[in-house]
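Just so it is clear: in the sequence shown, position 77 is 207 by this note's numbering, and no numbers are missing. Just so it is clear, CB atoms sit at the ideal spot from N, CA and C, and this is done for glycine as well.
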Amino acid sequence: MVDTHAHLSICKPGDDELVAAALEAGVRRILTIGMSEESNREAIAAAEAHEGVFASLGRHPNAANRFDQAAADDLASLAAHPKVRAIGETGLDFFREIADPEDQRRAFSAQIRVAVDARLPIVIHVRDPEGSSDAVDEAFATLDAEAAGATVILHCFSAPARVHDAVERGWYCSFAGNVTYPGAGAIREAAMVVPDHLILAETDSPFLSPVPHRGKPNQPANVVATAALLATERGVSAFEMEASIERNASAVFGW
């Protein structure tokens, strides 16, 4: 099994214990995600220290204020590291009023260009307030206009109304622990629609611990519980589900 989205630098305990616990649970690969200049470097350090850890680098939309060409250049330089396998997470977040939307748009477009130039997949974060689809709709439009030919991963898939559009575009849909929550029926229904060759699973550690770990800090080992729920919903064995996720992650991240 693999965890295609974790934030090791903000998880507890330390990386060594998290990776050891993941291996004990059968999780052999982890993609740790940078969200800022500092955490990008922490992600690379974790990847250098652990054979099964790889890095994705970006500027989170909630940290997009003052993103400039120097930030884009720094990201492009770091993207050349051999254990960097994706760009992001990046995208649009209109749920939290933390970063100016124009700064988010500028950072998003710049990171798309970095991903395209580096021939790396791009990890997308989108979040809207309840009852709105503005961020999702705009992110889809931006990707359509600017990310032609790029591999797109919709992290923590939260756009069930657009699942068919994502599948038609060949974008990967990655499901986190919230798919196991009782109130997440729409996300579970979306997970049943995504074809075998486009589905991924993640923890988004330390956030979104799946049932039965809900209420505790999340960690990469817990991706197994999310994959088990996906298997049940899709009517396949846990072995088949994990094999599909591993195969897809290998195709996307080249590990």
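Item	Value
Residue span of the beta strand (DSSP E) that contains Ala216, given as start and end	214 to 223
Whether Ala202 touches Pro251 by CB criterion (7 Å)	no
Beta bridge counterpart(s) of Val324 as assigned by DSSP	In DSSP, Val324 forms no bridge with anything.
Among His211, Ala173, Ala291, Phe369, nearest to Arg249 - alpha-carbon criterion	His211
Distance cut-off 6 Å: Val266 Cβ against heavy atoms of the ligand ADP	As presented, the structure is devoid of all ligands, the ligand ADP included, so that no description of it is given.
Asp258 to Glu268 span [Cα, whole Å]	11 Å
Alpha helix (DSSP H) runs wholly inside the segment 242 to 324, at least 4 long, in chain order	264 to 276, 293 to 298, 315 to 323
Residue from Ile329, Gly384, Ala314, Val293 with nearest C-alpha to Met371	Ile329
For Leu284, the nearest candidate out of Ile317, Ser262, Gly261, Arg364 (CA to CA)	Ile317
Three CB pairs or more closer than 8 Å across the segment 342 to 357 and the segment 144 to 157	yes
Proximal residues to Ile174 (C-beta, below 6 Å), its chain only, five neighbours per side dropped	Ala185, His211
Every unbroken alpha helix (DSSP H) inside the segment 323 to 377 [4 residues or more]	353 to 364
Per-residue DSSP class, three states only, for Ile174	helix
Alpha-carbon spacing of Arg226 relative to Gly261, whole angstroms	14 Å
Per-residue burial, Asp146 [other beta carbons within 10 Å of its own, 16 or more giving buried]	exposed
Ala194 and Gln241 closer than 7 Å at C-beta	no
Nearest-angstrom Cβ-Cβ length linking Val323 and Ser288, presumed shorter than 8 Å	Not a contact, Cβ separation roughly 14 Å.
Reference Asp264, options Pro231, Ala200, Asp247, Ala278, closest by Cα	Pro231
Three-state secondary structure assigned by DSSP to Ile140	helix
Gly164 to Val366 span [Cα, whole Å]	33 Å
Limits of the unbroken beta strand (DSSP E) element including Ser186	183 to 187
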